[in-house]
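Following: one structure in structure tokens, then a few remarks.
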Amino acid sequence: MKTIKNPIADFRKQFGTHELCYQYLADSKWKNGFKCIKCQSEVYRKGNMQLDRRCKSCGYNESPLAGTLFHCMKIPLEIAFEMVYRISVNKKGISSIALSREYNVNQKTAYTFKQKVQLCMKSSGNNPLEGIVHVD
Numbered sequence: 004m005k006t007i008k009n010p011i012a013d014f015r016k017q018f019g020t021h022e023l024c025y026q027y028l029a030d031s032k033w034k035n036g037f038k039c040i041k042c043q044s045e046v047y048r049k050g051n052m053q054l055d056r057r058c059k060s061c062g063y064n065e066s067p068l069a070g071t072l073f074h075c076m077k078i079p080l081e082i083a084f085e086m087v088y089r090i091s092v093n094k095k096g097i098s099s100i101a102l103s104r105e106y107n108v109n110q111k112t113a114y115t116f117k118q119k120v121q122l123c124m125k126s127s128g129n130n131p132l133e134g135i136v137h138v139d
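Position in the sequence shown counted from 1, then plus 3, gives you the working numbering.
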């Protein structure tokens, strides 16, 4: 019997809870070590929340969400992660109306978040494609 792959189910195993998403952001943000955005110090201690980091030099508390597209969101982190996934993998895209229905969020919120995601995905133009490029 052949097993059917379900990419959304696989995605939810990896990012299905707030904690898993938050841990992923913390690991990604500080994979090369902590550096305070205020004073550039590399020495920190535990911050206000579980994975936050507080600079020992100036006392600035930094969240894994700070400076990311997930900062100050109105929707749960695990829902936002899945919305990013859906926006980025669909060949023909997904409308904000479909996102709002599927994730039970306000359509304006879905539209605004989708715009933020698309802006983050936009190419900087620093590494243009060369040679023959096939587009599906």
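In this text, a Cβ means the ideal position worked out from N, Cα and C, and glycines have one as well.
Rounded to whole angstroms, the Cβ separation of C58 and K34 is 18 angstroms, and the two are not in contact under 8 angstroms. Note that the C-beta distance between C24 and E81 is below 8 angstroms. Per the coordinates, the alpha-carbon of H137 lies some 14 angstroms from the alpha-carbon of P131.
Considering only I135, Y114 and K49, the residue with the shortest C-alpha distance to A83 is Y114.
Note on M86: 16 or more other CB atoms within 10 angstroms of its CB, so buried under the neighbour-count rule. Around the beta carbon of K49, fewer than 16 other beta carbons sit within 10 angstroms, so the residue counts as exposed. Taking C-beta separations shorter than 8 angstroms and ignoring five residues to either side along the sequence, the partners of D55 in its chain run K49, N64, E65, S66 and P67, following chain order. A distance of 8 angstroms or more separates the beta carbons of L102 and T71. Contact between K77 and T112 is confirmed by a C-beta separation of about 5 angstroms, below the 8 angstroms threshold. Taking 8 angstroms as the cut-off, the beta carbon of M124 is found closer than this to the beta carbon of S91. For K117, same chain residues with a beta-carbon under 7 angstroms away, outside a window of 5 residues either side, are I90, S99 and L102 in chain order.
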